[in-house]
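Written out below as structure tokens is the structure these notes cover.
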Amino acid sequence: MGYAIHVIAPDPEYASYAVIDESLALEVHPNVKVHLTKSFEPLNLYQKLIGKKNMPTAGLGGIDHKNPFQKAVVFLRSNLFIPDPRKYWNKYAIKKAQQLIREKGIKTVITSSPPHSTQLIGYELKKMFDLRWIVDFRDMWTDIYYYKLLNNSKLSHKINLRYERKIIETADHIVTASPVYIPFFKSKSPTVSNDKFTSIPNGYDPKDFERFDYQLKTDFVITYTGTISDQYNITPFLDALQMFKINHPEASFKLQFVGSTYPELAEEISVRELTNHTAYSAYVPHHESISFLETSYLLLVCGPLNSSGQEGGIPAKVYEYMASGRPIVYIGKEDGFVADMLRETQTGISQKQDHKKVYKYLYKHYEQWQKGIIHNAPNDKIIKYSRPAQAAEYSNLL
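Per numbering that gives the first Met the number 0: the sequence shown = residues 0 to 397.
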């Protein structure tokens, strides 16, 4: 590694993470120095009230929007803790960053979000020191698909927009997880040009697939890994699976969810008489989630229902899905970035509403499974989405 890298993060003892995967700590390069700090997290108080298992996950997953108490908490979160409740970590992070900048002579600071309050750390450091500040947006801010669900008041929305604009204008460079994010961020300020932006996507770690078994398994298994909330568009897939079951009652298949699901999902599956074909697994460490891909024949990913501002959003799982070599069904925008990527890499299909086309794709692969056709290791077209390729892009940027 050509750089001395220091990472500042809240100590898990003080943080309010919905889940913690200790196994990922083993993947940190030994030359990367991780500095843990104290933090004050209001979400810890909320966790004590509702229990850790009911904590919201990504995209407001796990939130019951019909529950008056949880709706009230979301409203308070959005209007009292702007831009988000994790902003109270900032003073601890800034203090540690000041120390490291002075002691180590650091010349470049990268702040990555969400949570977007993290970007305010970089903003303060930029004012204090003569350094280069790179803002890294893994998600959009006021254009994220669930932003309207946060019930921001006019005042809190105005403050969010002001924060977003000053971050964009003050940063020396901005990295986004998708090129489709760039016009949304750029629209926040008339003074910002395209050459201030670079897109470096999330990706997959080739080491996770070094021992991956690409051989045919015994069952026809369709797998969804990660969080799925009621803001994700799964209905066309469930309708296609119901059609598959009706047309082929003798078929043996299983749909499995690995991770957090929303309360009404089981009922949506039940009314389609798919309960006996469905399995649920709670959150598992990352390396175990890879093993679920290994024992699957098809992989499912769902985009948001409201994709007007999130068409370029790419769930990180998509890259690992591609690396697995298993065919992918994406329920989402057919002319968005995910769809383009699946077409480019020839790794799956995209459909937003037409469940009949999804059914045909399911049946085609079920026939292949019956014939013992094995899906090969991923093609060379996905290599550019690997972590080494992305690290090289970041190195060039630095």
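Where is the CB? At the ideal position from N, CA and C, for every residue including glycine.
Check whether the Cβ atoms of Phe128 and Ile100 sit closer than 8 Å, and answer yes or no. Contact flag set, yes.
Is the separation between the beta-carbon of Thr224 and that of Ser288 shorter than 8 Å? yes
For Tyr405, the three-state DSSP class (helix, strand or coil): The displayed coordinates of the chain run from 0 to 397. Any statement about residue 405 would go beyond what the structure contains.
Cα-Cα, which of Arg342, Gly121 and Glu40 is closest to Asp10? Glu40
Between Glu163 and Val191, is the Cβ-Cβ spacing less than 8 Å? no
Residues bridged to Tyr440 by DSSP? Any answer about residue 440 is impossible in this case: the structure gives the chain only from 0 up to 397.
Please state if the CB of Leu299 and the CB of His276 are separated by a distance shorter than 8 Å. no
Is it a yes or a no for the stretch 216 to 234 touching the stretch 375 to 392, going by three-plus beta-carbon pairs under 8 Å? no
Buried versus exposed, by CB contacts within 10 Å (16 or more), Leu119: buried
Roughly how many whole angstroms lie between the Cα atoms of Pro314 and Gly347? Roughly 15 Å between the two C-alpha positions.
For the alpha helix (DSSP H) that Pro387 lies in, which residues bound it at each end? Arg386 to Leu396
Can you tell me whether DSSP reads Tyr261 as helix, strand or coil? coil
Helix, strand or coil, according to DSSP, for His28 in the structure here? coil
In terms of residue numbering, what span does the beta strand (DSSP E) encompassing Leu297 cover? Looking at the DSSP string, the run of the beta strand (DSSP E) that includes Leu297 is Leu297 to Cys301.
Is it true that the CB of Glu343 sits closer than 8 Å to the CB of Lys380? Between Lys380 and Glu343, the CB-CB gap stays under 8 Å.
Taking the runs of the alpha helix (DSSP H) that are 4 residues or longer, which of them lie wholly in the stretch 96 to 138? 117 to 127
Please report how far the alpha carbon of Val174 lies from the alpha carbon of Thr197, in whole angstroms. 5 Å
DSSP three-state assignment for Tyr213, whether helix, strand or coil: coil
Could you have a look at Thr197 and say whether DSSP puts it in helix, strand or coil? strand
For the putative contact between Gly121 and Ser394, defined by C-beta atoms under 8 Å, what is the C-beta separation to the nearest angstrom? Not confirmed; about 20 Å, so no contact.
Assign His364 to one of two classes, buried (16 or more other C-beta atoms within 10 Å of its C-beta) or exposed (fewer than that). buried
Would you kindly report the start and end of the unbroken alpha helix (DSSP H) that includes Val317? Lys316 to Ser323
7 Å CB neighbourhood of Phe80 in its chain, flanking five on each side removed: Pro41 and Lys86
For Lys187, which of Met139, Ser177, Thr217 and Ile327 has the nearest alpha-carbon? It is Met139.
The alpha helix (DSSP H) that contains Val337, what's its start and end? From DSSP, the alpha helix (DSSP H) with Val337 extends over Phe336 to Thr344.
Beta-carbon separation of Ile199 and Ile330 under 8 Å? no
Who does Gly347 pair with in a DSSP beta bridge? Ile327
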